[in-house]
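So for the sequence shown, this note's numbering puts the first residue at -9; every next one is plus one.
Ideal placement from N, C-alpha and C gives every residue a C-beta, glycine not left out.
Worksheet for the structure shown next.
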Amino acid sequence: GLWFGVGFLSFALLFFRLSFDLSYMSKLGAGPGMYPRWLAGFAVIVALVYIWQSVRSQVFRVGEHFPSRKELINVGSVFLACLVFLLLLNHVGFIVAGSALMFIMFVRHYRVWQAVLLSLGISLACYILFKVCFSVPLP
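Rendered as structure tokens:
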């Protein structure tokens, strides 16, 4: 609850700040900045109340809510796979980068040859589907 409240508060504060870029009043009355400013202001108040209630009613202990080693490895492998995909995509193309992404995801759960076949097959199927069927340009 607390971290969601902090994230929502930062989101609301960002939009409250951005609402000042629009004029509050116009010649005809309310300007384009009136509604966003009031909405973001109410969102800030709601976020502060939510944070206050979360702190008062929920005691947060890191050991109880922090993921175990296995879950951390899963999150790390997803992050690594996405990073490898982004770094490779413009240099080697969609099929190789997509295969590398899926191989990193599959290699811990399947045998190596199965992970290679699955990652290549899925990458080729996605490439054919989007490039040929939908005519979407892929790198």
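At least one CB of chain B closer than 7 Å to the CB of residue i: is that the case?
i: residue 21; result: The structure shown contains no chain B; it is built from a single protein chain.
Rounding to the nearest angstrom, what Cα-Cα distance links residue i and residue j in this structure?
i: residue 94; j: residue 113; result: 13 Å
i: residue 90; j: residue 71; result: 7 Å
i: residue -2; j: residue 10; result: 19 Å
i: residue 110; j: residue 104; result: 10 Å
i: residue 37; j: residue -4; result: 7 Å
i: residue 92; j: residue 58; result: 23 Å
i: residue 118; j: residue 128; result: 10 Å
i: residue 62; j: residue 56; result: 9 Å
Taking 6 Å as the cut-off, is the CB of residue i close to at least one heavy atom of the ligand NAP?
i: residue 71; result: This structure does not include the ligand NAP; it has no bound ligands of any sort.
Leaving out five residues on either side along the sequence, give the residues of the same chain with a beta carbon under 7 Å from the beta carbon of residue i.
i: residue 116; result: 88
Which residues in the same chain as residue i place their Cβ atom closer than 6 Å to its Cβ, once the five residues preceding and following it in sequence are excluded?
i: residue 27; result: 9
Using three-state DSSP, classify residue i as helix, strand or coil.
i: residue 58; result: coil
i: residue 0; result: helix
Give me the DSSP bridge partner(s) of residue i.
i: residue 15; result: 20
By a C-beta neighbour count over all protein chains shown, 10 Å radius and 16 as the cutoff for buried, is residue i buried or exposed?
i: residue 96; result: buried
Kindly list the residues whose CB is nearer than 8 Å to the CB of residue i, restricted to its own chain and excluding five residues on each side of it in sequence; keep chain order.
i: residue 65; result: 57
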